[in-house]
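Below you'll find the structure, written out as structure tokens, and then a few comments.
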Amino acid sequence: MHKTDNTPEPPAAALAPFDRLSSLLERFRVRAHLFHKGPLCGVTHYAAAPGRGFLHVLRSGEMVVTHQPLAGPPERLEVREPSLLLYARPLAHYFHNAPVDGADFTCAALDFDGGASHPLARALPPLIVLPLHAVDGLQQALDLLFAETDRLRCGHRVLADRLFEVVLLQLLRWLLDHPQEAHTPPGLLTGLADPRLARTLTALHDAPGQAWGLEQMAAQAGMSRSAFAARFKTVVGETPAEYLAHWRLTLAQAHLRGGRSIKSIAQELGYANPSALSRVFAQKLGMSPRAWLDDKAALV
Numbered sequence: 003m004h005k006t007d008n009t010p011e012p013p014a015a016a017l018a019p020f021d022r023l024s025s026l027l028e029r030f031r032v033r034a035h036l037f038h039k040g041p042l043c044g045v046t047h048y049a050a051a052p053g054r055g056f057l058h059v060l061r062s063g064e065m066v067v068t069h070q071p072l073a074g075p076p077e078r079l080e081v082r083e084p085s086l087l088l089y090a091r092p093l094a095h096y097f098h099n100a101p102v103d104g105a106d107f108t109c110a111a112l113d114f115d116g117g118a119s120h121p122l123a124r125a126l127p128p129l130i131v132l133p134l135h136a137v138d139g140l141q142q143a144l145d146l147l148f149a150e151t152d153r154l155r156c157g158h159r160v161l162a163d164r165l166f167e168v169v170l171l172q173l174l175r176w177l178l179d180h181p182q183e184a185h186t187p188p189g190l191l192t193g194l195a196d197p198r199l200a201r202t203l204t205a206l207h208d209a210p211g212q213a214w215g216l217e218q219m220a221a222q223a224g225m226s227r228s229a230f231a232a233r234f235k236t237v238v239g240e241t242p243a244e245y246l247a248h249w250r251l252t253l254a255q256a257h258l259r260g261g262r263s264i265k266s267i268a269q270e271l272g273y274a275n276p277s278a279l280s281r282v283f284a285q286k287l288g289m290s291p292r293a294w295l296d297d298k299a300a301l302v
């Protein structure tokens with residue numbers, strides 16, 4: 003029996019913990035590539051490139067970071083302690099260090115599957131700056147990372163890349179546990195940070211082709227329909243139906259990039275036939291799936 007709008011909700015603290023990230027990251031990978039270790043002196047420019055982000059670890063020293071006006075982050079930012087700097091979206095930035103014996107860094111480029119359509123790339127703030135000591139469990143991963151980058155050993159670059167991905171995952175965990183401190187805008191991450199909404203979001207991610215109605219989604223969260231719809235819109239920034247449509251479309255784009263046809267994925271994503279999926283595709287993106295694929299191919 004489904005919950006009625008007058009049924010009291012159990013306290014959020016009574017909900018058992020569960021994995022909010024694995025299914026998302028298994029579908030949409032983020033790949034890290036070590037490209038710098040050691041001091042940075044003078045001015046270092048990091049250009050914006052489609053689908054490319056950066057994860058910088060300031061190990062010691064201090065610096066000034068600058069961005070273009072109106073880019074989103076502050077035009078000038080001082081970093082005075084060992085910190086993580088995550089740029090989840092393409093954003094040009096400059097590091098200003100002393101001309102000699104500058105601050106010590108370990109840096110990786112991040113490649114997001116699907117580029118700007120990657121769910122995390124859309125949900126994360128353009129820049130996150132976080133002191134290393136603020137993230138529980140991070141030091142162990144950093145110790146392993148620095149051990150690999152400080153000495154040249156067989157396979158060190160491959161292992162360093164994987165360890166950077168561990169550091170990123172630790173950061174994402176922190177963001178889910180501290181959405182207010184991170185100033186995360188309404189969206190996927192704020193939804194996953196909500197103990198009730200996260201259950202619905204994870205169910206949608208795991209079974210996008212299921213016949214999801216508002217009642218079924220609210221039941222996943224253990225909430226009444228009206229309370230669920232109101233909280234979802236406030237926390238995630240769109241209605242449950244809008245989120246589901248965007249999630250299905252994001253999956254369709256990923257499948258198309260992987261070489262699958264609209265016909266082979268329509269029913270899997272909850273559409274009655276390929277024409278129905280094509281219509282949604284055209285309504286949301288302004289072009290047919292074939293035209294979208296041709297446009298993407300032209301950019302390569």
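Position 40 (the sequence shown) corresponds to 42 in this note's numbering; numbering is contiguous.
Just so you know, even glycine gets a beta-carbon here, dropped at the ideal spot from N, CA and C.
Since this is a predicted model, take the numbers as computed values, not measurements.
#1: With a threshold of 8 Å on Cβ separation, who are the neighbours of H207 within its own chain once the five nearest residues in sequence on each side are excluded?
#2: Can you find the residues in the same chain that come closer than 8 Å, C-beta to C-beta, to R159, ignoring five residues on each side of it along the sequence?
#3: Nearest by alpha-carbon distance to A256: which of A143, G63, A118 is it?
#4: Is it true that the stretch 263 to 275 meets the stretch 210 to 227, where meeting means three or more beta-carbon pairs spaced less than 8 Å apart?
#5: Please report the distance separating the alpha-carbon of H47 from that of Q172.
#6: Are the beta-carbon atoms belonging to L178 and R78 less than 8 Å from one another?
#7: Assuming the contact rule is C-beta atoms closer than 8 Å, A50 and L93 should be a hit. Round their C-beta distance to whole Å, please.
#8: Do D106 and G40 have their C-beta atoms closer together than 8 Å?
#9: Considering only DSSP beta bridges, list what F114 is partnered with.
#10: Assuming the contact rule is C-beta atoms closer than 8 Å, A254 and F230 should be a hit. Round their C-beta distance to whole Å, please.
#11: Spell out the partners DSSP gives I264 in its beta bridges.
#12: From S277 to A205, what distance separates their C-alpha atoms?
#13: Which of the three DSSP states, helix, strand or coil, is assigned to R328?
#14: Note down the Cα distance separating A247 from L295, rounded to an integer number of angstroms.
In this structure, then:
#1: For H207, same chain residues with a beta-carbon under 8 Å away, outside a window of 5 residues either side, are S25, L26, R29, W249 in chain order.
#2: Cβ neighbours of R159 beyond the five flanking positions: L36.
#3: When each option's Cα is compared against that of A256, the closest is A118.
#4: Here the stretch 263 to 275 makes contact with the stretch 210 to 227; the two share three or more CB pairs at distances below 8 Å.
#5: Going by the C-alpha atoms only, they are around 27 Å apart.
#6: With contacts defined by Cβ atoms closer than 8 Å, L178 and R78 do not form a contacting pair.
#7: A50 to L93, Cβ: 6 Å. Contact.
#8: Their beta carbons are under 8 Å apart, which means D106 touches G40 by this criterion.
#9: In the DSSP output, where bridge partners are listed per residue, F114 has V32.
#10: The pair is not a contact, with the Cβ atoms about 26 Å apart (cut-off 8 Å).
#11: According to DSSP, which records beta bridges pairwise, I264 is partnered with nothing at all.
#12: C-alpha separation (whole angstroms): 26 Å.
#13: As shown, the chain starts at 3 and ends at 302. That puts residue 328 outside it, with no answer to give.
#14: Those two C-alpha atoms are separated by around 19 Å.
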